[in-house]
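Just so you know, the sequences run in chain order C and W.
Here the first sequence stands for residues 1 to 221, numbered as in full-length UniProt numbering.
Here the second sequence stands for residues 1 to 244, numbered as in full-length UniProt numbering.
In what follows, a structure is listed as structure tokens, so that the remarks can point back to it.
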Amino acid sequence: MAETKELVLLNYWVSPYGMRCRIALAEKRVEYEHKEEDMMEKSPLLLQSNPVHKKIPVLVHGGKPVCESLVIVQYVDEAWPDRAPLLPVDAYGRAQARFWADFVDKKIFECGTKLWRLKKEAQGEAKKEFTEGLKLLEGELGEKKYFGGDAFGFVDIALVPLMAWFRTYESFGGFIAETEAPKLVAWGKRCMERESVAMSLPDPDKVYELACLIRKMFGLE
Amino acid sequence: MDQPPSSVKLLGSWADSHTHRVQLALKLKGLEFEYQEEDFINPSPALLLHNPVYKKVPALLHGGRSIVESVVILQYIDETWTDNPIMPADPFERAVIRFWCHFTDDKLAPAVGLVFSSSGEGQKAAVDQVHENLKLLERELKDGAFKGRRFFGGDKIGLLDIVLGCGSYWLAVFEEVMEVKLIDPESFPVFHAWLRDFEEQQEVKETIPAIDRLLEYARGIRQMMLSLSNSSSSSINNAAASSG
Numbered sequence: 001m002a003e004t005k006e007l008v009l010l011n012y013w014v015s016p017y018g019m020r021c022r023i024a025l026a027e028k029r030v031e032y033e034h035k036e037e038d039m040m041e042k043s044p045l046l047l048q049s050n051p052v053h054k055k056i057p058v059l060v061h062g063g064k065p066v067c068e069s070l071v072i073v074q075y076v077d078e079a080w081p082d083r084a085p086l087l088p089v090d091a092y093g094r095a096q097a098r099f100w101a102d103f104v105d106k107k108i109f110e111c112g113t114k115l116w117r118l119k120k121e122a123q124g125e126a127k128k129e130f131t132e133g134l135k136l137l138e139g140e141l142g143e144k145k146y147f148g149g150d151a152f153g154f155v156d157i158a159l160v161p162l163m164a165w166f167r168t169y170e171s172f173g174g175f176i177a178e179t180e181a182p183k184l185v186a187w188g189k190r191c192m193e194r195e196s197v198a199m200s201l202p203d204p205d206k207v208y209e210l211a212c213l214i215r216k217m218f219g220l221e
Numbered sequence: 001m002d003q004p005p006s007s008v009k010l011l012g013s014w015a016d017s018h019t020h021r022v023q024l025a026l027k028l029k030g031l032e033f034e035y036q037e038e039d040f041i042n043p044s045p046a047l048l049l050h051n052p053v054y055k056k057v058p059a060l061l062h063g064g065r066s067i068v069e070s071v072v073i074l075q076y077i078d079e080t081w082t083d084n085p086i087m088p089a090d091p092f093e094r095a096v097i098r099f100w101c102h103f104t105d106d107k108l109a110p111a112v113g114l115v116f117s118s119s120g121e122g123q124k125a126a127v128d129q130v131h132e133n134l135k136l137l138e139r140e141l142k143d144g145a146f147k148g149r150r151f152f153g154g155d156k157i158g159l160l161d162i163v164l165g166c167g168s169y170w171l172a173v174f175e176e177v178m179e180v181k182l183i184d185p186e187s188f189p190v191f192h193a194w195l196r197d198f199e200e201q202q203e204v205k206e207t208i209p210a211i212d213r214l215l216e217y218a219r220g221i222r223q224m225m226l227s228l229s230n231s232s233s234s235s236i237n238n239a240a241a242s243s244g
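Encoded structure:
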């Protein structure tokens, strides 16, 4: 049975991908050990659990590693099927959820990373893709409470770490979230009212501080 | 619950590996479907309607709704028509399959594409990258999660076989067109054996276009790419000559 095996999440506090896993585990009310990794010196457990990418997050369950945040979230949903379903029951709903979660990966977090990691001149298409991505997501959300409708689910989990990173993307991307995506900002606030989200997202100011530090280290300032 | 296989339509392109993935899955499930060929350069109004976000093939139309992105479509097919499952039942095994599908699309496929679209040093780096990626798959087949299996799905083809297999034929095509060594059987014996087994399956033979057509297609695109880069460098030479 899923409960009796040892469960460890290898994570780094600022990773939006790690935040997704924490939220999913919290929604399922599953106990686990949270292990903070040092990005400058990755642990032997991390290197052996994710030899292909050597990246966090990794969920190690009974000694077996699951890698990649959206794979982990689906795994958590399927390993604890008796509570808090994270994906819709019907195949079409699931397809839509997977589509939009993948969209969030490509258009929000991959683009967002370019906004803070690159100088303005090198950002290129990233800002355009990012803001267009926000608009498409706003369209998809519409007037719903969550992306999944009344129930908080997969797409919400995929996107909500944005709330910890918005300030950083805004500063280096040169836009204002409230102007570009007011519905998402409101949705984000609703999500933050959930315990699972509030406990899993770090302070956006601390994220911003770290981003500034990394930029200085790489001579981007 | 199983759906009657009523009106399933696939918008695809004949040389597109993602389209082949969906065609193969539908065949393995024994499903009838209507096929509409789409032009990469000029997407039809239907494609723009059914895939407004990416405007690309494949798009599966079923029950008045559209599903896009090949790995999403494959899972939809598996969850809608539950006979002959292509995904394992165990959550951990499903996670392993999903991980390697991502790997195929995020790492291996772009590296293979880069071999095709680059030249000189850039191409050499891309070839090395393909080898690195194939090594990881070889290791997983030989000693890892898929050890001892005929296919990634076990005794029968599964979702990862479909995802990797529909696209791996480009390795042989690019080897010939680009004159590079991508998948030599000595370096990747287990992967090579898997691919031969995969390509021998009846449904696969019915899905993947004849190698001659693929070769001709690849040569055509490569020619076009080379002539585009030649004409831009010759205009640079002309400009330099006239100002010098």
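Where is the CB? At the ideal position from N, CA and C, for every residue including glycine.
Do you know how far the Cα of residue j is from the Cα of residue i?
i	j	result
C:ARG167	C:GLU209	10 Å
C:ARG29	W:PRO185	49 Å
C:PRO204	W:ARG139	41 Å
C:MET1	C:PRO88	Note that C:MET1 scores a pLDDT of 47, beneath 50, so its modelled location is shaky and nothing firm can be said.
W:LEU160	W:SER66	23 Å
C:ASN11	C:GLU68	11 Å
W:GLU216	C:PRO161	47 Å
W:PRO5	C:VAL66	Bear in mind that a pLDDT of 49 at W:PRO5, under 50, signals an unreliable position, so the model cannot answer this.
residue 289 of chain C	C:TRP187	Residue 289 of chain C lies beyond the stretch modelled for chain C, which goes from 1 to 221, so this question has no answer here.
C:GLU33	C:LEU7	6 Å
W:HIS50	W:ALA59	7 Å
W:ILE86	W:PRO209	22 Å
W:ALA46	W:GLN36	10 Å
C:THR113	W:ILE157	37 Å
W:LEU24	W:ALA193	20 Å
C:TYR169	C:LYS145	24 Å
C:LEU220	C:SER196	35 Å
W:GLU176	W:ASN42	29 Å
residue 222 of chain C	C:GLN74	Since the first residue of chain C shown is 1 and the last is 221, residue 222 of chain C is not available in this structure.
Using 8 Å as the threshold, is the C-beta distance between residue i and residue j below it?
i	j	result
C:LEU137	C:LEU184	yes
C:ALA211	C:GLY153	no
residue 268 of chain W	W:VAL173	With chain W covering only 1 through 244, there is no way to say anything about residue 268 of chain W.
C:TRP100	C:GLU140	yes
W:PHE198	W:VAL190	no
C:VAL52	W:LEU136	yes
residue 260 of chain W	W:PHE40	Nothing about residue 260 of chain W can be read from this structure; chain W reaches only from 1 to 244.
C:ILE157	C:ILE23	yes
W:VAL22	W:ILE97	no
C:LYS107	C:GLY133	yes
W:LEU195	W:SER168	yes
W:LEU134	W:PHE188	yes
W:THR82	W:VAL163	no
W:LYS29	W:ILE77	yes
C:VAL14	C:VAL207	yes
W:CYS166	W:SER17	yes
W:VAL8	W:VAL115	no
W:LYS56	W:LEU48	no
Tell me the residue span of the alpha helix (DSSP H) that contains residue i.
i	result
W:GLY165	159-178
W:VAL68	Looking at the DSSP string, W:VAL68 is not in any alpha helix (DSSP H); the run it does join, the beta strand (DSSP E), is 65-68.
C:VAL207	204-217
W:HIS102	91-103
W:LEU49	45-50
W:TYR54	Note, W:TYR54: premise wrong, no alpha helix (DSSP H); not H, not E.
C:TYR92	91-103
C:LYS128	126-141
C:PRO182	182-192
W:GLU203	202-207
W:LYS27	17-28
C:TYR169	162-173
C:LYS120	120-123
For the beta strand (DSSP E) that contains residue i, what are its first and last residues?
i	result
C:ASN11	7-11
W:VAL130	Segment 120-142 is the alpha helix (DSSP H) holding W:VAL130; no beta strand (DSSP E) there.
W:PRO58	Where W:PRO58 is concerned, there is no enclosing beta strand (DSSP E), given that its DSSP letter is neither H nor E.
W:LEU10	8-12
C:PRO65	64-67
C:LEU59	58-61
C:PRO35	Looking at the sequence shown, residue 35 of chain C is not Pro but Lys. Segment 33-36, the beta strand (DSSP E) holding C:LYS35.
W:TYR35	34-37
Check whether chain D comes within 8 Å of residue i, counting only Cβ atoms and requiring the distance to be less than that.
i	result
C:GLN48	The chain labelled as chain D is not found among the protein chains of the depicted structure, namely C and W.
Margin query: Can you pull out the residues from the UniProt domain "GST C-terminal" (90-221) of chain W whose beta carbon lies closer than 7 Å to at least one beta carbon of chain C?
Written below: PRO91, PHE92, ARG94, ALA95, ARG98, PHE99, HIS102, PHE103 and LEU136
Item checked: Cβ-based contacts, 8 Å cut-off: residues of the stretch 107-134 of chain C near chain W -> none
Next item on the list: Give the residues from the stretch 132-162 of chain C that approach chain W closer than 7 Å (Cβ to any Cβ), ordered along the chain.
Entry: LEU136
Margin query: Any C-beta of chain C within less than 9 Å: which residues of the stretch 10-29 of chain W qualify?
Written below: none
Next item on the list: With 7 Å as the limit, tell me which residues of the stretch 50-64 of chain C have their beta carbon closer than that to any beta carbon of chain W; keep them in chain order.
Entry: VAL52 and LYS64
Item checked: Interface residues of the stretch 42-73 of chain W facing chain C [CB-CB below 7 Å] -> VAL53, ARG65, ILE67, VAL68, GLU69 and VAL72
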